[in-house]
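Heads up: the sequence lines are chains S and B, in that order.
Under the UniProt record's numbering, read the first sequence as residues 1 to 233, first letter to last.
Under the UniProt record's numbering, read the second sequence as residues 1 to 233, first letter to last.
Written out below as structure tokens is the structure these notes cover.
Protein chains: 2
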Amino acid sequence: MAPRTRKPERRTEALSRERIIEAAVELLDTAGEGGLTFRALTERLSTGAGAIYWHVANKDELLDAATDAVVTDALALKPARVPGSPQDRIRAVALGLFDAIDAHPWLAAQLATQLSRGPSKSVTPRILESIGQQVRALGVPESRWFTATTVLMHYILGAAGQNAVNGRAHGPGVNRGEFFNAVSAAWKQLDPDDYPFTRAIVDQMRDHDDRAEFLAGIALILAGITAGRSRTP
Amino acid sequence: MAPRTRKPERRTEALSRERIIEAAVELLDTAGEGGLTFRALTERLSTGAGAIYWHVANKDELLDAATDAVVTDALALKPARVPGSPQDRIRAVALGLFDAIDAHPWLAAQLATQLSRGPSKSVTPRILESIGQQVRALGVPESRWFTATTVLMHYILGAAGQNAVNGRAHGPGVNRGEFFNAVSAAWKQLDPDDYPFTRAIVDQMRDHDDRAEFLAGIALILAGITAGRSRTP
DNA sequence: ACCTGAACACCGTTCAAGT
DNA sequence: ACCTGAACACCGTTCAAGT
Chain S
1 MAPRTRKPER RTEALSRERI IEAAVELLDT AGEGGLTFRA LTERLSTGAG
51 AIYWHVANKD ELLDAATDAV VTDALALKPA RVPGSPQDRI RAVALGLFDA
101 IDAHPWLAAQ LATQLSRGPS KSVTPRILES IGQQVRALGV PESRWFTATT
151 VLMHYILGAA GQNAVNGRAH GPGVNRGEFF NAVSAAWKQL DPDDYPFTRA
201 IVDQMRDHDD RAEFLAGIAL ILAGITAGRS RTP
Chain B
1 MAPRTRKPER RTEALSRERI IEAAVELLDT AGEGGLTFRA LTERLSTGAG
51 AIYWHVANKD ELLDAATDAV VTDALALKPA RVPGSPQDRI RAVALGLFDA
101 IDAHPWLAAQ LATQLSRGPS KSVTPRILES IGQQVRALGV PESRWFTATT
151 VLMHYILGAA GQNAVNGRAH GPGVNRGEFF NAVSAAWKQL DPDDYPFTRA
201 IVDQMRDHDD RAEFLAGIAL ILAGITAGRS RTP
């Protein structure tokens, strides 16, 4: 399984848009947001800068394409075919995005910015569709489709993003547990008069299970969708 | 009211951390995310780069400080003193953040990234506290405080952020209405087999009122919080 | 058609030197 | 203590030149 050659092997397959996007995702995953540079990319692909610009307009388009590729992959499990109730399928879509953002933390900021950019190229319709089809299956009246779906979407992306950032190393050798301990300690120093609530939930925050907490949030929103079902005819 | 001198007036007040943050916010507001550079800052403050570094550690700290200043300002209306029910006060906090993000669109991405960074310096406790105190006043059992508050927070920041991006010019001379028309047109071109839901809500999306839609989302979550109130003892 | 790689303009940050 | 501004390393992007 060890590579035969020790020097960075010469490119075998021709350069292509797909190959560039693949390398971009790898760089983002291993080196983070700031790790994606054209210089790092040219080295990894053993090519020149101009070659990349032949396949890709600029860095923004490359970031969009990387986001698109990863999100498409995350939603590829065809949630419509997952067995169970619409609620089950909403949880499946939510966890799919949760895991994707957990595996690719750079996705969080990217999705936040990109959510409503250029109409067609955006990943928004794909996410909206995956969630919305299940909202519809829930029996929500059409007049409330938009609200119910966007509430779910914003919560999913926000919570997953926060979780992903929490889970990453904050400095060398800082793991998840240490990070939460540090936050807890800092929050316990807050002025009790100004921050009674924050101090009260410190333990809840430190000890929570990310996934269970995420699903509790989904459940709360589903309850709100159901509660309002008969309100607007 | 016209300035007496035509040349950029020499600095009168001494440079200070506050003055630098103020100028940073102005640059972000007028020139956007990419408009904040140390060169633009030195010109506006008629000083040298080193002078800024004397008061501020680096660009990240400056961005954090700018975010902090604007959020503090947005929450300064002391929502606890706004008359009305806890629901009314939650709406007041939500609209305060909504308006702040609308006035400072760069806040959206900044908050998304910063939500859970360095424990103490973060704006998270301030936002959590403003919302959480009202959640508590709602009579939610303590075991559900964390979930209810984070769901509200993620929705508020996500929806407000999306709204802010939508509202900005996307290219020269593109206003809000034109932007939504363009998105609608693009979404109507989507494959009816793959995107039945998205196509169905196109009109709802184009014609919606931002503020009313935002408050409808808040109402949905409040319904979920209330619905679940008696579930967990 | 596809690729090379030097060159350009610009950026965040540093630091010896001034007051 | 506070400020100056040249210098450094690095970045995205361009483009004449190659194949």
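Glycine included, every Cβ here is placed at the ideal spot set by N, Cα and C.
- By the Cβ test, the stretch 219–229 of chain S is in contact with the stretch 144–153 of chain S, since at least three Cβ pairs between them sit closer than 8 angstroms.
- Between residue 41/B and residue 27/B, the gap from beta carbon to beta carbon is short of 8 angstroms.
- Think of a sphere of 7 angstroms around the beta carbon of residue 148/S: the chain B residues whose beta carbon falls inside it are 220, in chain order.
- Any Cβ of chain S closer than 8 angstroms to the Cβ of residue 123/B would place that residue at the interface, and such an atom is absent.
- Listed along chain B, the residues sitting closer than 7 angstroms to residue 157/S by beta-carbon distance are 158.
- Counting only runs of 4 or more residues that sit fully inside the UniProt DNA-binding region "H-T-H motif" (37–56) of chain B, the alpha helix (DSSP H) segments are 38–44 and 49–55, in chain order.
- With the criterion set as a beta carbon lying under 7 angstroms from some beta carbon of chain B, the stretch 27–39 of chain S has no members that meet it.
- Around residue 161/S, the beta-carbon contacts reaching into chain B at under 8 angstroms are 112 and 115.
- Residue 13/S counts as exposed, since fewer than 16 other beta carbons sit within 10 angstroms of its beta carbon.
- Of the candidates 84/S, 48/S, 17/S and 164/S, 17/S places its Cα closest to the Cα of residue 56/S.
- The Cβ of residue 72/B sits no closer than 8 angstroms to any Cβ of chain S.
- Burial state of residue 207/S is exposed, judged by a 10 Å Cβ sphere holding fewer than 16 other Cβ atoms.
- Only residues of its own chain outside the window of five on either side were considered, and among them 149 and 153 have a CB closer than 7 angstroms to the CB of residue 128/S, listed in chain order.
- Secondary structure at residue 121/S: coil, using DSSP grouped into helix, strand and coil.
- In its chain, beyond the 5 residues on either side, 199 and 202 have a beta carbon closer than 8 angstroms to the beta carbon of residue 188/S.
- In chain order, 96, 97, 99 and 100 place their CB closer than 8 angstroms to the CB of residue 74/S, counting only its own chain and leaving out the 5 sequence neighbours on each side.
- Taking 8 angstroms as the cut-off, the beta carbon of residue 94/S is found closer than this to the beta carbon of residue 156/S.
- Closest option to residue 180/B, judged by alpha-carbon separation, among 194/B, 69/B, 192/B and 162/B: 162/B.
- Shown here for residue 21/B: same chain residues with a beta carbon closer than 6 angstroms to its own, the five before and five after excluded, namely 65, 66 and 69 in chain order.
- Taking 8 angstroms as the cut-off, the beta carbon of residue 151/B is found closer than this to the beta carbon of residue 217/S.
- Of the candidates 205/B, 47/B, 86/B and 52/B, 205/B places its Cα closest to the Cα of residue 124/S.
- CA-CA distance, residue 23/B to residue 195/S, rounds to 30 angstroms.
- Assignment of beta strand (DSSP E) within the stretch 72–97 of chain S, counting only whole runs of 3 or more residues, yields no such run.
- For residue 94/B, no chain S residue has a Cβ inside 9 angstroms of its Cβ, as the nearest lies near 12 angstroms away.
- Contact with chain S is absent for residue 104/B, since none of that chain's Cβ atoms lies less than 8 angstroms from the residue's Cβ.
- For residue 105/B, the number of other beta carbons within 10 angstroms of its own is at least 16, and it is reported as buried.
- Rounded to whole angstroms, the Cβ separation of residue 132/B and residue 197/S is 4 angstroms, and the two are in contact under 8 angstroms.
- In this structure, the alpha-carbon of residue 136/B lies about 39 angstroms from that of residue 72/S.
- Within the same chain, 92 and 96 come within 8 angstroms of residue 77/B by CB-CB distance, once the 5 residues on both sides are set aside.
- Chain S has a Cβ within less than 8 angstroms of the Cβ of residue 198/B.
- Under the DSSP assignment, residue 196/S falls in the alpha helix (DSSP H) whose first and last residues are 196–200.
- The criterion of a C-beta distance shorter than 8 angstroms is not satisfied by residue 15/S and residue 36/S.
- Comparing C-alpha distances from residue 164/B to each of 184/S, 190/S, 58/S and 112/S shows the shortest one belongs to 112/S.
- Taking CB atoms only, residue 61/S has no neighbour in chain B less than 8 angstroms away.
- In summary, residue 159/B is buried, with 16 or more beta-carbon neighbours lying within 10 Å of its beta-carbon over all protein chains present.
- Distances from the CA of residue 103/S to each of 219/S, 193/S, 29/S and 211/S were compared; the closest alpha carbon is that of 29/S.
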